Amino acid sequence: MTDSALPINLGYWLLAFSPIVVLLVLLAVLRWKAPEAGPVGMFLAAVVALVFFRTPFETLAVGAGKGVWDAVFILLVIWPALLLYRVGTAAGAFDALRRGLSRYSRNHVFLVLGFGWVFASFMQGIAGFGAPIAIVAPLLLAIGVRPIYAVAIPLIGHAWANMFGTLAVGWIATLQVVDLDDELGTALITAVLLAPVTLMAGVTIAWMAGRARGVRVAWPLILIISALHAGLQLVIMYWEPLLSAFLASTVALVALYPLSRWSRYREPARDVRERPAMRDDAGEGDEEENEPVMGLGWALLPYAVLTLVAVLTLAVPPVVNLLDQVEFGPPFPGADTGYDVVNEGERPYSPIAPFTHPGLSLAVAVLVTWLVYRARGFFARQRQREGGQPIWSSLAGDATPASVAILSFLVLAAVMEHSGQTDVLAQGLEQVSPPLVYAFLANIIGLIGAFMTSSNTASNVLFAQLQQGVATGTGLSGNAVVAAQSAGGAIGNAVAPANIVLGTGTAGIVGQEGAVLRKTLPWTVAAAVVIGLLTLVFV
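Heads up: the sequence shown begins at 3 in our numbering, then just goes up one per residue.
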């Protein structure tokens with residue numbers, strides 16, 4: 003975008019903010035379902051763009067088209083993730099997973115933290131783009147976590163790894179849109195701002211699993227894992243930022259095994275009586291139940307395949323360079339508005355590289371899992387024992403409402419961007435905030451961007467250049483403000499509606515997005531305050 007004549011005043015700021023407010027109210031207060039609330043927010047954003055922001059229908063169409071294409075990227079994750087969940091359910095894999103894991107640890111606090119925080123962070127390190135939520139939510143269900151918490155926990159648990167996860171795609175995109183005078187310094191500041199986020203995630207998840215006694219049981223684990231996450235990310239940053247989150251989360255995942263041998267985490271946490279995140283029957287009935295149709299090794303097969311393919315296609319540079327040569331995306335013409343908001347034409351727009359897309363890893367995992375489970379007769383045995391719905395009809399029932407919600411959220415974000423509403427939001431905060439106040443609020447702009455787009459990367463593409471310009475004009479450190487923008491975008495993923503829908507889809511609770519948002523929003527606000535205060539140290 004170029005310089006525009008957008009009116010920056012309270013009235014226009016409130017108009018630009020109205021689609022976000024309406025979306026929050028519908029989801030969190032009125033408890034609408036995401037497939038119902040999303041189109042309302044999208045329609046309101048379009049009306050505001052047409053009536054108040056002088057946006058021609060052609061520009062609106064370009065923005066909506068880009069939003070649909072952005073949604074396709076996410077849908078290519080959610081459909082195979084939902085299919086993997088349905089295949090696992092039909093074969094009895096999740097029951098086998100629950101029973102098998104109990105032989106290594108019967109401590110529900112340890113298991114919830116292990117999956118919802120450590121494994122979710124690892125998946126963000128290699129796959130990202132919502133895959134950690136879609137994958138981890140069913141795993142948490144398998145160990146007895148209530149569905150609402152099964153979605154909220156990985157949303158919180160993986161947030162710290164968003165900026166430098168997926169081999170730092172968010173960092174790479176940031177360097178493409180801003181010219182930093184100290185790239186390493188900015189990366190290090192970002193890592194410092196994200197350090198308390200992983201600690202807060204561990205404490206919050208332990209609190210959800212067992213309130214104060216749960217935190218008391220988990221505190222050694224929380225300190226060790228958060229030190230590995232934050233400390234290794236910071237140290238590895240000096241060597242290679244692109245691998246910092248991936249290597250840190252991998253080491254933390256490996257550390258779970260020796261921790262599981264500790265009697266503190268091997269045996270049940272019997273003194274933890276308040277367990278809000280757990281079902282009442284969690285951990286009960288093992289002796290009375292029939293043996294699962296498969297062993298733990300077979301139940302873990304899809305995740306082993308997923309990890310292997312993801313590492314091969316995303317973490318091996320020669321392979322990545324080869325596979326990235328194939329990409330495609332639609333062309334979009336340039337478009338502008340009556341307020342001189344100019345959107346450059348792109349040919350192609352946001353191309354998808356199918357062989358390095360996380361959806362491919364999921365699709366391969368689904369195919370291998372289905373073939374192996376079918377060959378070993380797991381589907382037939384589970385069907386004889388439990389019955390069940392056909393996989394494809396169940397998939398359609400799960401994926402259709404989730405797809406409607408994601409499409410509407412991403413179109414809403416693109417319409418707001420192309421009409422100039424996002425610029426008004428950011429510039430309005432700039433105009434009314436003294437320099438130090440703006441520095442404190444800088445991460446909020448990143449958070450808003452991630453809320454709209456469900457992407458740390460997209461948030462930085464939208465706002466990093468603007469944030470750097472404001473910092474320069476107000477005498478603040480541009481490096482620190484861009485770092486705050488990046489950290490805010492990371493935590494914003496915990497409240498992004500499209501990410502929440504990814505989880506509710508695979509947890510089988512589509513329509514409960516507002517309940518999930520009420521769990522993640524307080525944590526996100528607290529994390530934003532901490533990041534804001536830390537930012538003041540560096541500006």
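Every residue, glycine too, gets a C-beta built ideally from N, C-alpha and C.
This one's a predicted model, so the numbers in the text were calculated from it and none came from an experiment.
Query                                                                                                           : Result
Where the alpha helix (DSSP H) containing D400 begins and where it ends                                         : 393-421
With 16 other Cβ atoms within 10 Å as the buried cut-off, status of G287                                        : With a pLDDT of only 48 at G287, under 50, the local geometry of the prediction cannot be trusted, and the value read off the model is given with reservation. G287 should be labelled exposed.
Assumed close pair L99, L141 - CB separation to whole angstroms, cut-off 8 Å                                    : 7 Å
Same chain only: Cβ atoms within 6 Å of G430, ignoring 5 sequence neighbours per side                           : I10, W15
Bridge-paired residues (DSSP) for A337                                                                          : N345
DSSP bridge partner residues for F330 (one or two, in chain order)                                              : I354
Cβ contact check for the region 464-481 and the region 501-509: 3 or more pairs under 8 Å                       : no
Where A492 sits in the DSSP three-state scheme                                                                  : helix
Residues bridged to V147 (per DSSP)                                                                             : M280
Validate contact between the region 64-78 and the region 228-246 using beta carbons, cut 8 Å, 3 pairs           : no
Validate contact between the region 22-42 and the region 428-443 using beta carbons, cut 8 Å, 3 pairs           : no
Supposed close pair F380, A144 - CB separation, criterion 8 Å                                                   : Not a contact, Cβ separation roughly 15 Å.
Simplified DSSP state of E289, which is helix, strand or coil                                                   : At E289, the pLDDT of 49 sits below 50, so the modelled position is not reliable; the number obtained from the coordinates is stated separately. It is coil, neither helix nor strand.
C-beta atoms of F248 and I155 nearer than 8 Å                                                                   : no
Option nearest G480 by Cα separation, candidates W162, G187, L414                                               : G187
Of the listed residues R218, I450, I174, nearest to S20 (C-alpha basis)                                         : I450
Runs of alpha helix (DSSP H) lying entirely within the region 118-173, each at least 4 residues, in chain order : 122-128, 133-144, 149-159
Integer-rounded CB distance, given that F453 should sit under 8 Å from I150                                     : 19 Å between Cβ atoms; not a contact.
Coil, strand or helix - W34 by DSSP                                                                             : coil
Beta-carbon proximity of F59 to Y341, cut-off 8 Å                                                               : no
Reduced DSSP category for P436 - H, G, I as helix; E, B as strand; rest coil                                    : coil
Extent of the continuous alpha helix (DSSP H) to which S363 belongs                                             : 360-377
With 16 other Cβ atoms within 10 Å as the buried cut-off, status of Y375                                        : buried
Rounded distance between the beta-carbons of R108 and E269, thought under 8 Å                                   : 6 Å
Reference K68, options P335, G146, G130, K35, closest by Cα                                                     : P335
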